[in-house]
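So the structure is just underneath, and the comments pick up after that.
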Ligand code: F6P
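Residue numbers (the working numbering): 2 to 537.
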């Protein structure tokens, strides 16, 4: 067995953490800050341009130390070694998990260095117009066709780093929704549009269907069958790529040892390299490598991904949180929550442990979120005054990109203000005296004041980054990847397979035959009736 098989509930630390919880739930964050003047010493870590403050969690020094013991008892450090050493830790698929090798510059395997060279040459040839369309024109638009890990990472990163982009326009088609595909294509010129088909398996229905749609569009609009210089493909399935008719020089590798949701650091990131230029793409990888080295080398208590994973486990397994909100204070990071929904939930949304038994503890949270300040005017009401415990990650930047300090000061005052409000709340005494000072009547105060009370005591992490650059963004995403890994190790689950998405795919393909042929087979009444309604 590559990874250890340790039931976290059977560790000594887990039992002590349960006792600790019974003491801590009687305390508030305000009490904890009053009692401990060293909170920031042990509950914050700085790495180059990233400062992570997790002191606004309902935790004290003893509990934090117990969480570190939990990580030790679950052999997190040895598991990190196994990850980087390429042991077959994705046991159910018999694969190593080596997405970190895609951003390893110190000792990258030859094949990966060659891939990088190819990405560099290809992206600059597209940017500089050396690679031309079938009518001899320079490409102006690039469309990435892929879904899940073959879409979300590149889409998020192209958007996050668009301050650094060149004049090429990058588009993404993922869903098998012809309306969306047509909506994108209708604004593009086929003579100057290039397509990147990304699919690890090259069997994914959505991607293959959209690839055919794109090929037909180019062939029909340019009135030629010679369209291979409008397409490149990235996959492990070389036979299928050839059958599709992709030019051999335009084929890029993917590897079995890199899961789709962790793949944008390699050829899957081609759209990122085309959008930003290879040098910026490389800086993005270098940022991730800095986080990898930190994760490998720092002791547990000063290791950012490990500390944040432990805090998350504390909040969910001991304090009962079922979800976690990701709130970046930057519109550029708009797609971060949906990217993390796949990488976190597809990895750790599991309920069978590494010995094959159903777990009797909670595993991954529901991940959701959106950009501040927008979400303050949307769902923050529920976070402040609802009935659910929602730990939040607040991600902010010290410096704006365009230098608009006035807006940035306002943005960051909200960033800090929301965390402060979540922690301190506002008690009835404060509410009443504020209402009195405004001359509001006793009767009105009695009626309304209770609705204005904020209980506070809501946990949050602050991730404060100097500036949004390719490098810091790479660090941030690698940080989340390693949090996923650490939590999976402690929960004793397999984080790198995704069997849970298979059943729906199989049923959809069976139903497609029934929808196309009109011959409805035996199903439950609800399914049958839906199929019939589609025909009418
Ligand atoms: O949704 C399941 C999944 O297998 C993801 O893990 C993957 O990122 C996505 O489908 C796309 O798969 P492929 O790259 O093989 O088309």
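Just so it is clear, CB atoms sit at the ideal spot from N, CA and C, and this is done for glycine as well.
All of these numbers come straight from a predicted model, not from anything done at the bench.
- For residue 52, the pairing in a beta bridge is given by DSSP as 47 and 465.
- With a cutoff of 7 Å, residue 261 counts as near ligand 1, since its C-beta is closer than that to a heavy atom of the ligand.
- Relative to ligand 1, residue 490 has its C-beta separated by 7 Å or more from all heavy atoms.
- For residue 502, the CB falls within less than 7 Å of some heavy atom of ligand 1.
- For residue 194, the enclosing beta strand (DSSP E) starts and ends at 194-199.
- Here residue 110 has 102 as same chain residues with Cβ atoms under 8 Å from its own Cβ, once five neighbours each way along the sequence are excluded.
- Residue range 526-536 is occupied by the alpha helix (DSSP H) that includes residue 530.
- Scanning 290, 245, 249 and 246 for the CA closest to the CA of residue 267 turns up 290.
- Closer than 7 Å to some heavy atom of ligand 1: that does not describe the Cβ of residue 81.
- With at least 16 other beta carbons inside 10 angstroms of its own, residue 458 counts as buried.
- When the alpha-carbon of residue 287 is set against those of 182, 473 and 55, the nearest one is in 473.
- With respect to the 8 Å criterion, residue 185 and residue 159 are not classified as neighbours on the basis of their beta carbons.
- Between the beta-carbon of residue 57 and that of residue 461 there is about 5 Å, and that keeps the pair under the 8 Å contact cut.
- When DSSP reads this structure, residue 427 sits in a beta bridge with 455.
- Rounded to the nearest whole angstrom, the C-alpha separation of residue 372 and residue 469 is 15 Å.
- Annotation note: the segment 210-251 contains the following uninterrupted beta strand (DSSP E) runs of length 3 or greater, listed N- to C-terminal: 232-236.
- In terms of Cβ geometry, residue 245 and residue 97 do not form a close pair [threshold 8 Å].
- Within the segment 120-148, the complete beta strand (DSSP E) segments at least 3 residues long are 142-146, listed from N- to C-terminus.
- Annotation for residue 170: the continuous beta strand (DSSP E) segment containing it runs 170-174.
- The segment 12-32 makes no contact with the segment 513-523, as fewer than three CB pairs between them are under 8 Å.
- Collapsing the DSSP output to three states places residue 308 in a helix.
- Bounds of the beta strand (DSSP E) holding residue 326 are 324-329.
- Within its own chain, the residues whose Cβ lies closer than 7 Å to the Cβ of residue 14, once the five positions on either side in sequence are excluded, are 67, 70, 71 and 74, listed in chain order.
- In terms of Cβ geometry, residue 149 and residue 262 form a close pair [threshold 8 Å].
- The segment 31-50 and the segment 435-445 do not touch, with fewer than three beta-carbon pairs separated by less than 8 Å.
- Measuring C-alpha to C-alpha distances from residue 89 to each of 498, 508, 526 and 170 identifies 498 as the nearest.
- Annotation: the continuous beta strand (DSSP E) that includes residue 370 extends over 367-370.
- Contact between the segment 318-336 and the segment 367-384 is present, with at least three C-beta pairs closer than 8 Å.
- For the pair residue 265 and residue 338, the CB atoms are not nearer than the 8 Å cut-off.
- The Cβ atoms of residue 46 and residue 396 do not sit closer than 8 Å to each other.
- Separation of residue 207 and residue 85 (C-alpha to C-alpha, rounded to the nearest whole angstrom) is 33 Å.
- The residue from 221, 385, 478 and 242 with its alpha-carbon nearest to that of residue 340 is 478.
- Placement of the Cβ of residue 201 at a distance of less than 7 Å from at least one heavy atom of ligand 1 is found.
- Judged by DSSP secondary structure, residue 397 falls within the beta strand (DSSP E) whose first and last residues are 393-398.
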